[in-house]
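Asks:
In the numbering used here, the protein residues as written are 33 to 211.
#1: Report all residues from its chain with a CB closer than 7 Å to the CB of residue 65; omit the five preceding and five following residues, and keep chain order.
#2: Measuring only the C-alpha atoms, how far is residue 34 from residue 51?
#3: Flag this pair as yes or no: are the beta carbons of residue 113 and residue 94 separated by less than 8 Å?
#4: Let me know the secondary structure DSSP gives residue 34 once reduced to three states.
#5: What are the boundary residues of the alpha helix (DSSP H) that residue 92 is part of?
#6: Would you tell me roughly how many angstroms separate the C-alpha atoms of residue 193 and residue 41, rounded to the nearest one?
#7: To which residues of the same chain is residue 99 closer than 6 Å at the C-beta, ignoring the five residues directly before and after it?
#8: For the putative contact between residue 190 and residue 84, defined by C-beta atoms under 8 Å, what is the C-beta separation to the nearest angstrom?
#9: Determine, using beta carbons only, whether residue 120 and residue 56 come nearer to each other than 8 Å.
#10: Going along the chain, which residues of its own chain have a beta-carbon closer than 7 Å to the beta-carbon of residue 188, five neighbours each way excluded?
#11: Is it buried or exposed for residue 10, if we count other Cβ within 10 angstroms and need 16 for buried?
#12: Identify which residue in 90, 92, 109 and 125 has its Cα closest to the Cα of residue 68.
#13: Would you report the Cα separation of residue 131 and residue 72, rounded to the nearest angstrom?
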């Protein structure tokens, strides 16, 4: 039984690292969005993205450590998982601010999307193997629905802000041409 328990702990830690890696790649794309907003001079959009991504990333931390909740692990694993999941946002912000192009943004966001799909696959497989039935409880399903609603409302607010900013810039250009 010791090997079976030890093997299960190793499997859970490995899954947590894979989730952190996938979310780290995803966060790199978020960093590119923040950096490119600043590179384009959209300071308020960049600040709004930082606030939105901060709120959004709280749930990502929960996703990273979820395979470890029933096991005893060393604190160093949590620190390393946080670094793997979070540091790419900083690098993405720097790169997005200094070298923004549509091609690179598309490439990195595509990689991030693929990584998130891999995370979803691995977590789904884990949930099935463990026999976890969390969504069958009404409170958990309600939490999922509320989380999705918050995600979509945040997306709509960001879209509205971008749209309003673009309309303002176009209006300024139009009125300056008439003078």
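Beta carbons: idealized from backbone N, C-alpha and C, even for Gly.
Replies: Judging by the given coordinates:
#1: 81 and 128
#2: Legend: pLDDT at residue 34 = 42, less than 50; position of this residue unreliable, value from coordinates given subsequently. Going from the Cα of residue 34 to the Cα of residue 51 covers about 26 Å.
#3: no
#4: Because the pLDDT at residue 34 is just 42, under 50, the model does not fix this residue reliably, and the point stays unresolved.
#5: 75-97
#6: 45 Å
#7: 44, 47 and 48
#8: 6 Å
#9: yes
#10: none
#11: A question about residue 10 goes unanswered here, because the residues of the chain that appear run from 33 up to 211.
#12: 125
#13: 11 Å
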